[in-house]
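Undergrad: Chains as they are written, first to last, in our numbering: chain A, 1 to 332; chain B, 1 to 332; chain C, 1 to 332; chain D, 1 to 332.
Beta carbons are placed, not taken as given, at the ideal position from N, Cα and C, and that holds for glycine.
Supplied in structure tokens, the structure appears directly below.
4 protein chains.
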Amino acid sequence: MGNKVVVKVDSKVSVCIEEFIRLLVACGMPKEDVNLIHTNGENMEELIKDINPKMTLFTGSKRIAEKLSQLLSGRIKIEDAGFDWKILGPDVHDIDYIASVADQDAYCLSGQKCSAQSLLFVHKNWSDAKFISKIKELAEQRSYKNGTLSPIMTVTNQTILNHIDNVLKIPGAQILFGGKPVTEQHSIPDCYGSFKPTAVFVPLKAFTNKKYFEVITTEIFGPFQIVTEYTDKELDSVLEVMDNLDQQLTAAVVSNNIPFINKVLSHSCNGVTYAGVRARTTGAPQNHWFGPCGDPRAGGIGTPEAIKLVWSSHREIIMDTNPPTVKKVVQV
Amino acid sequence: MGNKVVVKVDSKVSVCIEEFIRLLVACGMPKEDVNLIHTNGENMEELIKDINPKMTLFTGSKRIAEKLSQLLSGRIKIEDAGFDWKILGPDVHDIDYIASVADQDAYCLSGQKCSAQSLLFVHKNWSDAKFISKIKELAEQRSYKNGTLSPIMTVTNQTILNHIDNVLKIPGAQILFGGKPVTEQHSIPDCYGSFKPTAVFVPLKAFTNKKYFEVITTEIFGPFQIVTEYTDKELDSVLEVMDNLDQQLTAAVVSNNIPFINKVLSHSCNGVTYAGVRARTTGAPQNHWFGPCGDPRAGGIGTPEAIKLVWSSHREIIMDTNPPTVKKVVQV
Amino acid sequence: MGNKVVVKVDSKVSVCIEEFIRLLVACGMPKEDVNLIHTNGENMEELIKDINPKMTLFTGSKRIAEKLSQLLSGRIKIEDAGFDWKILGPDVHDIDYIASVADQDAYCLSGQKCSAQSLLFVHKNWSDAKFISKIKELAEQRSYKNGTLSPIMTVTNQTILNHIDNVLKIPGAQILFGGKPVTEQHSIPDCYGSFKPTAVFVPLKAFTNKKYFEVITTEIFGPFQIVTEYTDKELDSVLEVMDNLDQQLTAAVVSNNIPFINKVLSHSCNGVTYAGVRARTTGAPQNHWFGPCGDPRAGGIGTPEAIKLVWSSHREIIMDTNPPTVKKVVQV
Amino acid sequence: MGNKVVVKVDSKVSVCIEEFIRLLVACGMPKEDVNLIHTNGENMEELIKDINPKMTLFTGSKRIAEKLSQLLSGRIKIEDAGFDWKILGPDVHDIDYIASVADQDAYCLSGQKCSAQSLLFVHKNWSDAKFISKIKELAEQRSYKNGTLSPIMTVTNQTILNHIDNVLKIPGAQILFGGKPVTEQHSIPDCYGSFKPTAVFVPLKAFTNKKYFEVITTEIFGPFQIVTEYTDKELDSVLEVMDNLDQQLTAAVVSNNIPFINKVLSHSCNGVTYAGVRARTTGAPQNHWFGPCGDPRAGGIGTPEAIKLVWSSHREIIMDTNPPTVKKVVQV
């Protein structure tokens with residue numbers, strides 16, 4: 001769009017973006033098109049105050065997004081982390097396929113994706129069809145050795161253990177699988193995480209308790225998900241839970257039942273929402289608009305429309321070049 | 001767009017919006033579609049904190065816009081006041097017509113329009129053609145009696161007089177016409193303004209002085225404009241002045257010289273910009289997008305696109321309903 | 001779009017359009033915006049040869065559409081009659097509702113709509129659920145007395161009887177209901193039709209015989225439909241029949257089974273196609289684009305896009321007004 | 001767009017398209033995506049009758065376009081040859097630049113482009129500024145030796161000489177330059193043309209004579225143009241000439257005078273029209289829509305919109321999947 005950009009990424013991974021920019025330059029990008037700065041948050045905050053940028057695109061946690069919104073007085077577009085949910089509808093079919101997608105959505109890259117599945121609403125028909133044991137079986141096959149587990153960059157084992165403890169204090173809560181650090185031999189230092197793919201069950205009614213709700217919906221940027229169960233009669237309670245979440249990045253409605261899909265879609269407002277038997281929360285059909293919804297600061301990536309929304313602004317130019325047909329306009 | 005709206009307008013004119021909403025109801029609008037609240041700014045601030053609205057559209061002064069941006073953490077669209085400029089290009093023609101448009105833009109409704117002409121860049125060719133005496137003549141014909149002057153709702157005579165004093169301290173500044181309260185008999189009380197249409201000349205070079213710049217660009221929501229002059233050689237200085245203004249609502253490029261129009265348009269970024277011999281800052285061709293530009297919080301009014309930009313948000317729904325063609329997705 | 005239009009309608013109903021144009025004039029349409037001509041086809045043909053119109057929009061039968069295409073050398077858009085089909089998918093539900101829609105689609109206004117249901121593909125599951133007896137029951141309730149039957153303007157009873165005779169020569173064909181002139185007392189003269197709502201069953205395999213195919217797909221602009229039956233295994237044969245039809249105005253896929261809907265939609269190319277449990281061939285959700293598909297001459301009505309497609313044309317104007325940056329362009 | 005295409009090009013150059021398709025296949029195009037046929041027009045006509053293609057895109061002469069329109073009953077899009085005009089407006093400037101563009105537009109590739117400048121309207125101001133002698137000088141520098149002349153593929157010297165003879169019979173017509181075969185030594189055989197860049201002047205008033213008009217507007221696919229002159233008072237006559245032309249592919253309005261540009265653009269309807277001081281009839285700003293206008297059969301090339309217009313068709317699919325809210329629809 002012709003904007004000159006200053007890029008700042010988290011210092012842990014800043015080395016990657018430098019290499020990427022070197023690649024762009026090698027491919028012909030003029031060197032003066034991008035500024036890259038390696039720094040920490042405190043220094044960047046000072047820099048922002050100094051240069052007062054016209055627009056900032058932020059990708060990252062909700063907490064920092066709010067801090068920057070204040071600092072920039074709202075001149076920001078946000079593509080933040082999400083506490084993304086998936087709901088399995090009343091129609092049970094293709095159970096092996098759907099279990100493997102759920103396993104991917106929750107535990108691929110050890111759950112370190114902004115679109116990872118953090119909350120799973122399971123219709124009772126799926127519980128009856130032994131869906132939980134299917135995803136348990138898949139999760140337990142993950143290991144460093146076969147390349148399906150990753151070190152956890154930003155959450156330690158202790159943090160995850162503490163969070164599990166908190167969730168387990170909710171009446172009816174229980175670990176479905178995982179819940180422990182990986183025992184397989186590895187060389188990951190303690191400042192990073194090395195945790196088993198974990199699912200904790202919480203009864204649906206616990207979500208109506210405000211204190212529990214906050215615990216349940218705390219995001220862990222690792223291989224961790226909350227699972228709950230609902231019946232046809234409880235669908236409205238599920239929709240209320242969805243409405244109370246305020247991190248609305250991605251969602252998945254796994255069903256081919258048209259009235260069910262329509263009801264859930266029309267009562268939720270997550271950004272990127274996949275619907276249908278193949279719905280997932282992450283890594284779905286490529287090349288679509290990707291971003292949250294329901295917030296005027298919501299920014300998107302990945303399509304011409306998203307780029308224009310974030311990096312451009314409507315400007316109305318009215319050409320009024322025809323010769324005047326009167327000598328004076330009427331005075332009022 | 002289906003949003004339920006709470007309307008709050010300035011308490012001085014809140015009675016008007018109530019009548020308008022009564023009209024809407026009389027025309028068939030369901031009563032529950034809009035909430036109207038009569039209140040002052042302090043109370044409204046408390047209310048906003050309480051209800052935490054998803055989106056706020058604000059029309060009004062830059063100062064309050066910034067305050068609300070902080071309060072709402074950026075969940076706001078702004079269609080704020082402007083310090084709107086007009087530039088007369090090197091090609092002189094249709095002088096009576098253009099003088100009458102300038103008179104309307106600056107003094108219609110005694111200048112109480114967010115799109116009023118506050119700053120006029122006059123090419124030397126126009127000065128030589130006696131443009132100033134043309135607009136002086138028109139301004140001096142305005143009176144309460146012939147219905148071309150209005151009471152000033154939000155600025156007192158004293159405020160305007162003080163501002164003129166400040167501007168006149170700038171070397172080279174001088175009153176072109178007006179500069180005094182209306183002497184014609186009237187019954188407007190002192191808490192409102194009753195001032196003659198006024199133009200004060202300031203030399204272009206004064207704009208480069210940061211202190212002077214702030215004085216010059218202080219908006220008076222009344223019948224007041226700054227006039228300056230430039231030559232072909234000074235066009236780049238004019239463009240710099242335009243770029244330094246941060247209230248970019250409307251603008252007018254009065255010229256049919258194509259390279260001149262292109263140069264000014266491509267070096268400025270006001271929102272609603274009229275270009276051509278009939279360009280004006282206000283009340284131009286109807287039914288177009290109206291709003292500022294160059295700020296991610298910029299909101300527009302007046303077209304389907306503007307309504308969608310402000311009251312809606314991109315939501316990406318991907319239907320992925322075809323039967324799976326594999327039993328499991330590959331694990332990574 | 002600014003075009004000046006000459007309107008010619010069938011002489012039987014030309015009196016109606018005259019009244020409508022008088023209404024437009026009474027509402028303020030300038031009299032010179034439209035020319036109306038009352039005449040027959042032969043005279044209109046001569047007129048067209050004389051004035052050589054830039055564009056003609058034709059609504060009517062396929063035969064006349066082809067004649068006009070030749071006469072106008074293709075400067076025509078066509079929104080012609082259709083031999084419109086409906087298919088009932090494998091999922092049986094809402095049988096009373098769907099029967100009543102089918103009755104409306106086939107026999108409303110005694111079938112005198114370009115979008116009337118002319119061919120009904122019934123999945124065996126629906127036959128087993130007694131769907132035919134449902135629509136028979138509804139058809140037999142139609143009468144002049146209760147206002148659900150109309151005189152037939154362009155087809156006589158004899159023409160319909162001859163057509164039925166021809167269809168019944170196909171092995172396996174049989175009358176499902178109707179098949180006779182109305183016996184109820186009425187005053188419709190013989191030059192118009194007065195026929196009972198009629199359905200004739202033809203086995204699916206008869207469609208593969210080219211001679212039978214032509215008989216089966218002859219359109220009767222009256223209360224007449226062909227019904228056939230298919231099983232899951234025979235769906236591909238059904239799709240082939242759809243593909244062989246060359247009057248592709250409307251169609252309906254009555255099913256909420258997503259893979260079924262997708263398969264039928266992706267193997268057919270009718271213009272206005274309704275899909276889902278509430279699908280119909282006629283009078284469905286209003287204010288959408290209406291027209292055939294699959295022909296570069298296809299024209300639409302009813303939306304801004306349709307109006308632009310028919311009455312406008314892409315014109316590319318490139319403004320190249322910037323001053324030359326070289327004295328001469330390089331010669332090649 | 002997914003269509004399977006049969007390609008047929010003029011047998012003189014069919015060898016080129018074969019090589020191009022071989023290139024596409026080498027780049028990965030599946031071999032079954034395109035059919036290429038080497039044949040003459042007579043055989044192709046038989047083939048078209050046999051296969052009855054759904055759509056044909058034709059690029060070539062107007063005569064064949066009309067023949068194919070009949071054969072295909074209008075199922076065709078046309079991007080035909082043009083008798084393209086350029087008009088020089090009243091404002092004279094950048095004369096060397098504009099002369100060199102005119103030379104390129106008329107004589108580049110010896111005028112063998114569908115967008116070549118065939119008719120030049122010269123405002124008297126330009127004649128007075130010696131524009132004709134400028135383009136004469138440039139034309140006379142063209143030679144085989146310096147690579148600025150080409151053999152003429154489809155027109156012989158005799159054909160051009162005959163045409164010049166016909167034009168010169170018009171009262172007031174005269175050769176401005178050229179008018180003879182190239183005398184420079186070359187090895188071009190007689191079945192091809194080898195002619196000097198030629199301009200013939202015809203008075204504007206000759207265009208109103210119907211017989212002369214046909215002679216003047218006969219297209220020569222070679223280095224030949226008609227030149228005429230007009231004054232301000234004669235602009236309306238010029239616009240009438242433009243309106244009478246029926247090959248409306250490209251046009252150029254060389255002027256930066258806004259009212260002049262607006263008047264010519266709003267009274268003409270050529271397809272690709274360049275306006276402004278840098279306007280040309282050929283090889284202008286790249287990557288825009290290219291095609292004629294003012295004919296429902298007009299097809300374009302070069303942009304996504306053009307591809308969709310030609311190779312696709314609006315299809316309206318209405319999903320009506322919500323459960324019925326009534327048991328039966330009301331019978332009428």
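Considering just the uninterrupted stretch of the alpha helix (DSSP H) at residue 251 of chain A, what are its terminal residues?
TA: Premise fails: residue 251 of chain A lies in the beta strand (DSSP E), 250 to 254, not in any alpha helix (DSSP H).
Undergrad: In this structure, how does DSSP classify residue 194 of chain A when only helix, strand and coil are distinguished?
TA: Residue 194 of chain A falls in the coil class under three-state DSSP.
Undergrad: For chain C, check one thing: does any of its Cβ atoms lie closer than 8 Å to the Cβ of residue 297 of chain D?
TA: Answer yes: the Cβ-Cβ gap between residue 297 of chain D and chain C drops below 8 Å somewhere.
Undergrad: Do you know how far the Cα of residue 282 of chain C is from the Cα of residue 109 of chain C?
TA: Near 11 Å, if we compare the C-alpha coordinates of residue 282 of chain C and residue 109 of chain C.
Undergrad: Specify the secondary structure class of residue 95 of chain A as computed by DSSP and reduced to three states.
TA: Looking at residue 95 of chain A - three-state DSSP - the assignment turns out to be helix.
Undergrad: Taking the beta strand (DSSP E) that residue 57 of chain D belongs to, which residues open and close that run?
TA: Start and end: 56 to 60.
Undergrad: For residue 29 of chain D, count the other beta carbons within 10 Å of its own beta carbon; 16 or more makes it buried, fewer makes it exposed. Which is it?
TA: Exposed is the call here.
Undergrad: List the residues of chain B whose Cβ lies closer than 7 Å to the Cβ of residue 256 of chain D, in chain order.
TA: Simply 258.
Undergrad: Can you give me the start and stop residues for the alpha helix (DSSP H) that residue 14 of chain D sits inside?
TA: Its alpha helix (DSSP H) spans residues 14 to 26.
Undergrad: Against residue 321 of chain C, what residues of chain B qualify as contacts under a CB-to-CB distance less than 8 Å, listed in chain order?
TA: Those within 8 Å of residue 321 of chain C in chain B are 258, 259, 262.
Undergrad: For residue 2 of chain B, count the other beta carbons within 10 Å of its own beta carbon; 16 or more makes it buried, fewer makes it exposed. Which is it?
TA: Exposed, by the Cβ-count rule.
Undergrad: Can you tell me the Cα-Cα spacing of residue 148 of chain C and residue 207 of chain A, whole angstroms?
TA: If you take the alpha carbons of residue 148 of chain C and residue 207 of chain A, they lie about 56 Å apart.
Undergrad: If you draw a straight line from the C-alpha of residue 139 of chain D to the C-alpha of residue 25 of chain D, how long is it?
TA: So the two alpha carbons sit approximately 42 Å from each other.
Undergrad: What does the Cβ neighbour count give for residue 308 of chain D, buried or exposed, with the cut at 16 atoms within 10 Å?
TA: Residue 308 of chain D is exposed by the Cβ-count criterion.
Undergrad: Which residues of the segment 62 to 87 of chain B have a Cβ closer than 7 Å to any Cβ of chain A? Give them in chain order.
TA: Flagged, chain order: 66, 69, 70, 73, 74, 75, 76, 77.
Undergrad: Going by beta carbon distance, what residues of the same chain come within less than 6 Å of residue 178 of chain A, once the five residues before and after it are set aside?
TA: So the list reads 196, 197, 198, once near-sequence residues are dropped.
Undergrad: Output, in sequence order along the chain, the residues in the segment 304 to 328 of chain A whose CB is closer than 9 Å to any CB in chain B.
TA: Those would be 305, 306, 309, 310, 313, 314, 315, 316, 317, 318, 319, 320, 321, 322, 323, 324, 326, 327, 328, in chain order.
Undergrad: Is the Cβ of residue 288 of chain D closer than 8 Å to any Cβ of chain C?
TA: So yes, residue 288 of chain D belongs to the interface.
Undergrad: Let me see if you follow: with CB-CB separation under 8 Å, is residue 272 of chain A close to chain E or not?
TA: The structure shown contains no chain E; its protein chains are A, B, C and D.
Undergrad: Name, please, each residue of chain D whose Cβ falls closer than 9 Å to the Cβ of residue 54 of chain C.
TA: Result: 294, 295, 296.
Undergrad: Compare the C-beta of residue 128 of chain A with all C-beta atoms of chain B and state if any pair is closer than 8 Å.
TA: No, residue 128 of chain A lies away from the interface with chain B (no Cβ there is under 8 Å from its Cβ).
Undergrad: Hey, residue 122 of chain B and residue 68 of chain B: beta-carbon distance below 8 Å or not?
TA: Not closer than 8 Å, so no.
Undergrad: According to DSSP, which residues form a beta bridge with residue 117 of chain A?
TA: Its beta-bridge partners are A:84.
Undergrad: Taking only beta-carbon atoms, is residue 194 of chain D less than 8 Å away from chain C?
TA: Chain C, which has no Cβ nearer than 8 Å to the Cβ of residue 194 of chain D, makes this no.
Undergrad: Assess, as a yes-or-no matter, whether the segment 304 to 321 of chain A is touched by the segment 98 to 109 of chain B under the definition of 3 or more beta carbon pairs within less than 8 Å.
TA: No, they do not touch.
Undergrad: Going by C-alpha to C-alpha distance, which of A:126, A:211, A:311 sits closest to residue 302 of chain A?
TA: That would be A:311, whose Cα lies nearest to the Cα of residue 302 of chain A.
Undergrad: Kindly list, in the order they appear in chain B, the residues whose Cβ is closer than 8 Å to that of residue 265 of chain A.
TA: The contacting residues are 317.
Undergrad: Indicate the three-state DSSP secondary structure (helix, strand or coil) for residue 35 of chain B in the structure shown.
TA: Three-state result, residue 35 of chain B: strand.
Undergrad: Note the first and the last residue of the continuous alpha helix (DSSP H) segment covering residue 135 of chain B.
TA: Run containing residue 135 of chain B: 131 to 140, per the alpha helix (DSSP H) assignment.
Undergrad: Would the segment 38 to 48 of chain A count as touching the segment 2 to 11 of chain A if we require 3 or more Cβ pairs under 8 Å?
TA: Short answer: they touch.
Undergrad: Whose Cβ in chain A lies nearer than 8 Å to the Cβ of residue 2 of chain B?
TA: None at all; the shortest Cβ gap to chain A is about 11 Å.
Undergrad: Three-state secondary structure (DSSP) at residue 212 of chain C?
TA: Helix, per DSSP.
Undergrad: Where does residue 149 of chain B fall in DSSP's three states?
TA: If DSSP states are grouped into helix, strand and coil, residue 149 of chain B belongs with coil.
Undergrad: Under 8 Å Cβ-Cβ, which residues of chain B neighbour residue 97 of chain A?
TA: In chain order: 324, 326, 327, 328, 329.
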